[in-house]
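Below you'll find the structure, written out as structure tokens, and then a few comments.
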Amino acid sequence: MKHQNGKEGRTAEKQNLPKAKKQSFWHQLRRQWELQLMVVPALLALALFAIIPLFGLQIAFKDYKLNSGIWGSAWVGLKHFKMFFTDPNVLPVLWNTVGLSFIKAFFTIPLPVIFALLLNEVVHTKFKKTVQTISYFPYFLAWSVVALMATTWLSPNGFINGLLVSAGILKDPYFFLGKPEAFWGISITLDVWKNLGYSSIIYLAAMANVDQEVTEAAVIDGAGRFKRILHVTMPAILPTVMILLIINVGNLLRGGSNFDISYNLMNSLNQPRSEILDTYVLKMGVSMGRFSYATAIGLLQSIVASILLVTSNAISKLTTGESYF
Amino acid sequence: MNNRKSWQKFGLPDVMIYLILALLTFVMLFPFWNAVVLSFNDGKDAMMGGVYFWPRKFTLANYTQVFKNLSIWRAFGVSVARTALSTALSLLVTSMFAYAASKSYLKLRKFYMILLLIAMFFNGGIIPVFLAIRSYGLINNFLVYILPGVFNAFYAQIFISFFKGLPESLFESARIDGAREFTIYTRIVLPLSKPVLAAVGLFTAVFNWNAWYDNMLYVKNESLNTLSYLFVKMIKAQETMENMAASSGVADLANVSGVSSTTLQLATMVVAVLPIMCIYPFMQKYFATGMMIGSVKG
Chain U
3 MKHQNGKEGR
13 TAEKQNLPKA
23 KKQSFWHQLR
33 RQWELQLMVV
43 PALLALALFA
53 IIPLFGLQIA
63 FKDYKLNSGI
73 WGSAWVGLKH
83 FKMFFTDPNV
93 LPVLWNTVGL
103 SFIKAFFTIP
113 LPVIFALLLN
123 EVVHTKFKKT
133 VQTISYFPYF
143 LAWSVVALMA
153 TTWLSPNGFI
163 NGLLVSAGIL
173 KDPYFFLGKP
183 EAFWGISITL
193 DVWKNLGYSS
203 IIYLAAMANV
213 DQEVTEAAVI
223 DGAGRFKRIL
233 HVTMPAILPT
243 VMILLIINVG
253 NLLRGGSNFD
263 ISYNLMNSLN
273 QPRSEILDTY
283 VLKMGVSMGR
293 FSYATAIGLL
303 QSIVASILLV
313 TSNAISKLTT
323 GESYF
Chain C
-11 MNNRKSWQKF
-1 GLPDVMIYLI
9 LALLTFVMLF
19 PFWNAVVLSF
29 NDGKDAMMGG
39 VYFWPRKFTL
49 ANYTQVFKNL
59 SIWRAFGVSV
69 ARTALSTALS
79 LLVTSMFAYA
89 ASKSYLKLRK
99 FYMILLLIAM
109 FFNGGIIPVF
119 LAIRSYGLIN
129 NFLVYILPGV
139 FNAFYAQIFI
149 SFFKGLPESL
159 FESARIDGAR
169 EFTIYTRIVL
179 PLSKPVLAAV
189 GLFTAVFNWN
199 AWYDNMLYVK
209 NESLNTLSYL
219 FVKMIKAQET
229 MENMAASSGV
239 ADLANVSGVS
249 STTLQLATMV
259 VAVLPIMCIY
269 PFMQKYFATG
279 MMIGSVKG
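Chains U and C, in that order, give the protein sequences. Take the position in the first sequence, starting the count at 1, then add 2; the result is the number in my numbering. Every letter in the second sequence is one number past the one before it in my numbering, and letter 31, counting from 1, is 19.
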């Protein structure tokens, strides 16, 4: 049979439906073999790197042994989950994870909004473009690069200590990275520095969609700058803010930049405040070989994240009408 | 250019806003500038601190050191190879899938889309993925930089919605002329998709250039280290040193380390960041797509 493809084939099908219906599934599949072939590499990658690892989650309920493998290891029920709740190391790690994510969100959500609001008030395009271009730059740097620079900035002979000492705020250089109490501040500041500009894009886009006539009408009605921002600009970006808030709540146990910063800047001195669940999982699993325990923690993290996401989504839907899904 | 409306007067609040933004821009730029300045400064001199806006003891020695360092060259090569191969393959595999998946008459389409959604919203987590990759023999293998990212579910969604927007009549006439699906994909679809290919390609390239996590987790072989991962190693080595200094109460690190490696590290950093600096201003027109990617990713 001559190979027939696509829409041509479909019209033929429609013309004599009874015959087309008789065509077997395999026959139809073979007729679009080229399209089917195009899907194969992607499916292979999906299977290998997304689907098969999901089956590996079962070792959270097993005692994973290298020799027995994922399927052959013995079931132990909730042993590793119980271990997690009695592990004395967990509480501080959990505290760091949640506390850091929470306080971070307190800065990383409103600051880009404020930055965008300020930029939106700028009428000189060139100035605006320059500020924007410079502010996007840190976003494109690798976290390892930012962390390396941070060790220089924060070192006793770095510019931060230099400025603080010469301004008389500090008497002696402060060893930022060796002080546990400074770590959260460092993590938050680095995140804001890296992402502030880029995060503001989404708000600027929403603000650009505001009808100029609405703005002008507000002004004619006597609204000042502040009222205009409050009643015209803010409502336009509220949906975006809410969605980011929902995502952030979902990420409370798995905060975006927390891993990159904690992994790179953690040392034995600041570890009491820099160890988070993600680095703990890595340590337990890969460094110490406690694969089952680490998988159990990871699974718990995912479950809590899903619950938080669904809950915050529902709350947002009820209160503001905005939802992520 | 000035697009000010008649009712907008440039008053004191505007001056304040401009000043705040100028200050913010300075805060954004200065830390990086300071790192660049230090990379042009003499190492031992930099240890004394107080270098802010301009090199105090200008030298190119750090850069000649970097260019003489074989392992940095090799890491640069690995990073270039990884970025180029990953970007090309990922664009091919992802867009090919998306083209097929954009056809409503594709058999098993629903099944494929469900797999796609599973990949987007569930993942095994650090350890199961690690065990899977180990069982495929990808540990200490260059391919571990490329294969796991060869298909990107989020970019696939973007491609699918773009391909769905292409007029069906274009394909129709090609089919009448006897063109096969693969020909239509390479000759018609890809050339029409240049903007979205460029956007996704640039973000994929930056991601690959900056990636260090897979190197840290899957590759112990020094000759396969990427440039981005070298910095992680530098930080770890430096931290060990500083801990020693702090615990022994020596504030002056110069006494411990003897020679400053900081300026050398920063010179390496500048070399690694240079490609990004050249590319990112041109990415600005693709940010809309990028943000879309970001918001889907969450």
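From the three backbone atoms N, C-alpha and C, an ideal C-beta is built for every residue, glycine too.
Counting only beta-carbon separations shorter than 8 Å, does C/Val247 have a partner in chain U?
Unreliable positioning characterises C/Val247 in this predicted model, as indicated by a pLDDT of 39, which lies under 50. A coordinate reading is not provided.
Give me the chain U residues within the contact set of C/Lys32, using Cβ-Cβ distance strictly less than 7 Å, ordered along the chain.
None at all; the shortest Cβ gap to chain U is about 11 Å.
Cβ contact check for the stretch 41 to 60 of chain U and the stretch 103 to 111 of chain C: 3 or more pairs under 8 Å
yes
Selection from U/Pro43, U/Thr235 and U/Ile72 that minimises the alpha carbon distance to U/Ala210:
U/Thr235
Which term fits C/Leu0, buried or exposed, when burial requires 16 or more other beta carbons within 10 angstroms of its beta carbon?
exposed
Answer yes or no: does any C-beta atom of chain C fall closer than 8 Å to that of U/Gln25?
no
So does the stretch 189 to 207 of chain C actually touch the stretch 118 to 130 of chain U, counting three or more Cβ pairs closer than 8 Å?
No: the two stretches stay apart, fewer than three of their Cβ pairs being nearer than 8 Å.
Contact set between the stretch 25 to 54 of chain C and chain U, restricted to residues whose Cβ is under 8 Å from the partner:
Taking a C-beta cut-off of 8 Å against chain U, the contacting residues of the stretch 25 to 54 of chain C are Leu26, Ala34, Met35, Met36, Gly37, Gly38, Val39 and Tyr40, listed in chain order.
How would you list, in chain order, the residues of chain U whose beta-carbon sits under 9 Å from the beta-carbon of C/Leu94?
Those are Gln34, Leu37, Gln38 and Val41, listed as they occur along chain U.
Taking only three categories from DSSP, how would you classify U/Ala144?
coil
Using the Cα positions of C/Ile223 and U/Ala149, report the straight-line distance between them to the nearest angstrom.
8 Å
Express the C-alpha separation of U/Val251 and C/Gly282 in angstroms, rounding to a whole number.
The predicted model places C/Gly282 with a pLDDT of 47, which falls under 50 and marks its position as unreliable, so this point remains unresolved.
For U/Thr88, tell me which candidate among U/Tyr326, U/Tyr295 and U/Thr322 has the shortest Cα-Cα distance.
U/Tyr295
Counting only beta-carbon atoms, is C/Leu135 nearer than 8 Å to chain U?
yes
Per DSSP, which one or two residues make a beta bridge with U/Phe83?
Partner(s): none; U/Phe83 has no beta bridge.
Does DSSP put C/Ala63 in a helix, a strand or coil?
C/Ala63: helix per DSSP, three-state reduction.
So, with DSSP's three-state summary, where would you put U/Trp77?
Of the three classes helix, strand and coil, the one that applies to U/Trp77 here is strand, per DSSP.
Candidates U/Lys130, U/Leu267, U/Lys106 and U/Ile72: closest to C/Phe122 by CA position:
One point to set straight first is that residue 122 of chain C is Arg, not Phe, in the sequence displayed. Comparing Cα-Cα distances from C/Arg122 to each of U/Lys130, U/Leu267, U/Lys106 and U/Ile72, the minimum goes to U/Ile72.
If the cut is a Cβ gap below 9 Å, which residues of chain U does C/Tyr100 touch?
Val41, Ala44, Leu45 and Leu48
Under a CB-based cut-off of 8 Å, is C/Met229 close to chain U?
no
Report the rounded CA-to-CA distance for U/Gly300 versus C/Ile114, giving the unit in angstroms.
Distance between the alpha carbons of U/Gly300 and C/Ile114 is about 7 Å.
Say whether the stretch 156 to 164 of chain C touches the stretch 74 to 86 of chain U, bearing in mind that this needs 3 or more beta-carbon pairs closer than 8 Å, one atom from each stretch.
The stretch 156 to 164 of chain C is not in contact with the stretch 74 to 86 of chain U.
Alpha-carbon spacing of C/Ala239 relative to C/Val24, whole angstroms:
Confidence in C/Ala239 is poor, its pLDDT being 48 and thus under 50, which makes the residue's placement unreliable; the coordinate value appears in the next sentence. If you take the alpha carbons of C/Ala239 and C/Val24, they lie about 24 Å apart.
From the DSSP output, in three-state form, read off C/Phe151 for me.
helix
Residues of the stretch 104 to 125 of chain U with a CB closer than 8 Å to any CB of chain C: list them in chain order, please.
Phe117, Leu120, Leu121, Glu123, Val124 and Val125
Taking C-alpha atoms, which residue in U/Val283, U/Arg292 and U/Val194 lies nearest to U/Phe108?
U/Val194
Quick one: which residues of the stretch 149 to 160 of chain U get their C-beta closer than 9 Å to a C-beta of chain C? List them in chain order.
Those residues of the stretch 149 to 160 of chain U that come within reach of chain C (Cβ to Cβ, closer than 9 Å) are Ala149, Leu150, Met151, Ala152, Thr153, Thr154, Trp155, Ser157, Pro158, Asn159 and Gly160.
I'd like to confirm the pairing. Which residues does DSSP put opposite C/Asn29 in its beta bridges?
C/Phe46
Step through the CB atoms of chain U and report whether any lies within less than 8 Å of the CB of C/Thr75.
No, because no Cβ of chain U sits closer than 8 Å to the Cβ of C/Thr75.
Pairing CB atoms from the stretch 90 to 103 of chain U with CB atoms from the stretch 310 to 324 of chain U, are three or more of them under 8 Å?
no
So which residues of chain U does C/Phe151 contact, with C-beta pairs closer than 8 Å?
Think of a sphere of 8 Å around the beta carbon of C/Phe151: no beta carbon from chain U falls inside it, the nearest being about 12 Å out.
Three-way DSSP call (helix, strand, coil) for C/Lys285 in this model:
With a pLDDT of 39 at C/Lys285, under the threshold of 50, the modelled position of this residue cannot be trusted, and the question is left open.
With a threshold of 8 Å between beta carbons, is U/Ser304 in contact with chain C?
yes
Ordered along the chain, which non-local residues of its own chain (more than five positions away) have a Cβ less than 6 Å from that of U/Lys67?
Ser75
Of the listed residues U/Gly199, U/Gln38 and U/Met290, nearest to C/Lys95 (C-alpha basis):
U/Gln38
For U/Lys64, list the residues DSSP reports as bridge partners.
U/Lys64 pairs with U/Trp77.
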